[in-house]
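Worksheet for the structure shown next.
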Amino acid sequence: MQITLNGEPREVAEGTRMAELVETLSLTGQRFAVEVNAELVPRSRFAEHQLSPNDKVEIIQAVGGG
C-alpha cells in the first residue's frame, strides 16, 4: 500500500505498524516525533498503530546542539 512519508510517496506492506516502519527506517533508539494525518502518535502506541493506505506520516528527528 502507499503512504506519504515526509512528503514523499512510499510503499509499505498492508498491515504495517508504526513500530515496523520505525525499524525499517533504522530509527530505533533515536529521538523523534511521529504524526499521522496531523495527529501525534505517542511512542507507547507504535506497536499497535497500524498504518492505512494514503496515510500522511511525518517523522521529525530531534537534533541536539548547544
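Heads up, the sequence shown is in my numbering, so the first residue is 17 and it goes up one at a time.
A virtual CB, placed ideally from N, CA and C, is assigned to each residue, including glycine.
Only a predicted model underlies this, so the values are computations on that prediction, with no experimental measurement involved.
Alpha carbon to alpha carbon, what distance is there between arginine 59 and valine 28? Roughly 20 Å between the two C-alpha positions.
I'd like to know whether the C-beta atoms of valine 73 and valine 52 end up nearer to each other than 8 Å. Yes.
For the alpha helix (DSSP H) that alanine 63 lies in, which residues bound it at each end? Counting along the chain, alanine 63 falls outside any alpha helix (DSSP H), and DSSP gives it neither H nor E.
Here's the rule: buried if 16 or more other CB atoms are within 10 angstroms of the residue's CB, otherwise exposed. What is leucine 67? With 16 or more other CB atoms across the displayed protein chains lying within 10 angstroms of its CB, leucine 67 is buried.
How would you label valine 79, buried or exposed, when you count the other beta carbons within 10 angstroms and need 16 or more for buried? It counts as exposed.
So, is isoleucine 76 buried or exposed, given that buried needs 16 or more other C-beta atoms within 10 angstroms? By the 10 Å Cβ count, isoleucine 76 comes out exposed.
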